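Counting with my numbering, you get residues 179 to 603 for the letters of the sequence shown. Backbone N, C-alpha and C define an ideal beta-carbon position, used for all residues, glycine too. Quick caveat, the model's predicted, so the values are computed rather than measured.
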Amino acid sequence: MDYLQIEGGKPLSGTIKIGGAKNAALPVIAAALLSDRPVLLSNLPNVVDIRTLLRLLGILGASVEHEGHQAQINAGALQSTRAVYEIVAQMRASILVLGPLLTRFGECEVSLPGGCAIGQRPIDLHLKALEAMGASIEIKGGYVHAVAPSEGLQGAKIIFDKVSVGATENTLMAAALAHGKTEIINAAREPEIVQLCEMLKSGGAKIEGIGTGRITVEGTGGAPLHFKKPISVIPDRIEAGTYLCAGAITHSKITLESVQIEHLQSTIDKLESMGCSFGFPTEESVTIHPPEDRLKEVNIVTAEYPGFPTDMQAQLMAVATLASNESLIEERLFENRFMHVSELNRLGADIWLKGNVAAVRPVEELFGADVMATDLRASSALVLAGLAAKGTTRVRRIYHLDRGYEDLQGKLEQLGAAILRKKER
Ligand code: EPZ
């Protein structure tokens, strides 16, 4: 197993390029199942989760040609509509094949994803939406077995009582080939949802209300979508936010290229309130200018887009450990997304948890230690803390990082960090 070894306290400088968004690429890959012709995808991040979903499509019988940041998927002749436990257990986003398989083939089986390190993460909203469109759903042997009416899924009015990115995505994809109009109320508004809607629209579904909480989809009535142009995945706002935090915590001016600035607004706002300023050299780049003296405290409540993303909570917490006053961080989306707290405390942070609120008390310095990554974003928070800590930090179990950050070590090295990837003996 690999680990990262970081000699902290080194200032960073320079420019790096941000890759395509993992969480946008995953539904885009699943949506390729809605077509019977080749679909070309570009700007895919080269990370484990993307390879896992492409492998699942391959197991279903799609032809998948994947090289670097591009893939061509042809789901013209699938042999199976069963998404097996072995893959779904590795990555819960595999549930995104449920809507496309059901709407296109009328029947499918998808393993239940189960919980994960950040919470219970049920899929009840996904299932209720598909049932509202006429699907019969049975859970048996750990699998969701879904069957559409013989005439196909029917458009329906779906009111989500909670905003869910994944449930909105599954419903959109199911609705794209359904008969009639589907109305989704309380839909998620994340940029990843906007990308998926634009893709479905380019393939032949009629969609209105994109980027709002009320989306309507006029399905094709069973006809597969045809994507005439390649789909280019949007920049990763969480990868970009993580590097902005690297600049903030090390008091280093760094520039990120290939970003979509409006997607970064809530992170930029928080870092600004801590005393950082920002320049925008081009429409697609951002430079962070952290203050020379200590950062100010920050109060954060995670929320759905355009609020402050739960996927940036751990990284901002790492930055807040070295602020001049106490910060309060409230996690509203996931019930167990504070696994990084005890590991940050191992590095000398002073964080106290009460329910879903973390009080981050200021410390003068962090000190290098051995720490354990527990989930993707928690891992990146530990790397950030390691960059600022005195001495050597070793971050173990970095397979979590490999799931969602392309070449984190290489990009930080490019910025001048003393960071090595090593193998456990
Ligand atoms: C997506 O997960 C992201 N994953 C997550 O990123 C992200 O943290 C999350 O959205 C919130 O922004 C991908 O896009 C692949 P949700 P998703 O459904 O879709 C509850 C990362 O680090 N809920 O919006 O699974 C749920 O438990 C990952 O890259 C139900 O109750 O999240 C949570 O409390 C981690 N029933 C809330 O809704 C359901 O049926 C939001 O979850 C579905 C969700």
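Following the DSSP letters along the chain, one finds MET311 in no alpha helix (DSSP H), marked with neither H nor E.
Put simply, of VAL549, LYS431, LEU274, VAL561 the residue whose alpha carbon is nearest the alpha carbon of PHE458 is LYS431. Pairing ALA559 with ARG415 gives a Cβ-Cβ distance that is not under 8 Å. Taking C-beta separations shorter than 7 Å and ignoring five residues to either side along the sequence, the partners of GLU504 in its chain run GLU475, ALA537, VAL538, ARG539, PRO540, following chain order. Unbroken beta strand (DSSP E) stretches of 3 residues or longer found wholly inside the segment 448–491: 455–457, 463–467, 477–479, given in chain order. For the segment 363–409, the full-length alpha helix (DSSP H) segments reaching 4 residues or more read 369–380 along the chain.
Residue environment for PRO408: exposed (fewer than 16 other C-beta atoms within 10 angstroms of its C-beta). The criterion of a C-beta distance shorter than 8 Å is not satisfied by PRO369 and ALA481. Looking from the CA of ASN523, the closest CA among GLY533, ALA498, GLU509, SER502 belongs to ALA498.
Using a Cβ distance threshold of 8 Å, HIS404 and GLY381 count as a contacting pair. DSSP lists ASP180 as the beta-bridge partner residues of LYS601.
Between the alpha carbons of GLU264 and LYS384 lies a gap of roughly 35 Å. Excluding the 5 residues flanking it on each side, THR488 has same chain C-beta neighbours closer than 7 Å at THR480, GLU509, LEU511, PHE512, ARG515, in chain order. By the neighbour-count definition (other C-beta atoms within 10 Å, threshold 16), LEU598 is an exposed residue.
Take the alpha-carbon of LEU473 and the one of VAL341: they are about 33 Å apart. In the DSSP assignment, GLN248 falls within the unbroken beta strand (DSSP E) covering 248–252. In the three-state reduction of the DSSP assignment, HIS323 falls in the strand class, which pools E and B. With a cut-off of 8 Å on Cβ pairs, the segment 458–470 is in contact with the segment 413–428, counting three or more such pairs.
The C-alpha of ASN364 is placed about 29 Å away from the C-alpha of THR259.
Selection ARG603, GLU591, SER213 evaluated against LEU190 yields GLU591 as nearest (Cα-Cα).
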